Amino acid sequence: MKVKKLWFDGEKIFILTDDGRELWQSLLWYPRLLNASPEQRQNYEIDNSGIRWEDVDEDMSLDSFLYDDPEPVGVARIFRKHPELNVSAIARRLGMKQSLLAAYISGNKKPSKEREKEIINVVKQVGQELIEA
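Using the working numbering, read the sequence shown as starting at 70 and increasing by one per residue.
Structure (structure tokens):
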């Protein structure tokens, strides 16, 4: 796959391939690129395997545009949108290993609907405690 065009729109990055496909993925997977300036985002190099942004030390494989999950959802989305959340502290409140919660956040594992609801409820509880403080 070769990239003919690359552009950003909101929290997404898009590419147009040489075979006419328009592919995208969320910048929430790439926080350094999400927080980069427009100038930094435009300073990239493309090779046969990926895209490199030297200014922000970020690499993105071209294959990642073909993944099943172009953007984080559920628990992964909450923690990606709010990096100030302490994963270890939330895991302790849940009585869960930090590594398991981290796997849910990274997308390496998928929580059951019940587990996802439990995690979201604890995050909401922390938010409510902050409001009441």
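For glycine and all other residues, C-beta sits at the position ideal for the given N, C-alpha and C.
These numbers come from a predicted model, not from an experiment.
Taking DSSP as the reference, what is the three-state secondary structure of residue 114? Translated into positions along the sequence shown, residue 114 becomes position 45. Note: residue 114 maps to strand in three-state DSSP.
Opposite residue 81 in the DSSP bridges: which residues? As a position in the sequence shown, residue 81 is number 12, starting the count at 1. DSSP lists 78, 95 as partners of residue 81.
Own chain partners of residue 124 with C-beta closer than 6 Å, once the 5 adjacent residues on each side are dropped: Taking the sequence shown and counting its residues from 1, one reaches residue 124 at position 55. Contacts found: 109, 112.
Is the beta carbon of residue 231 less than 9 Å from the beta carbon of residue 84? Since the first residue of the chain shown is 70 and the last is 202, residue 231 is not available in this structure.
Taking residue 143 as part of the alpha helix (DSSP H), name the residues at either end of that continuous run. Locating residue 143 in the sequence shown gives position 74, where the first residue counts as 1. Per DSSP, residue 143 belongs to the alpha helix (DSSP H) from 143-150.
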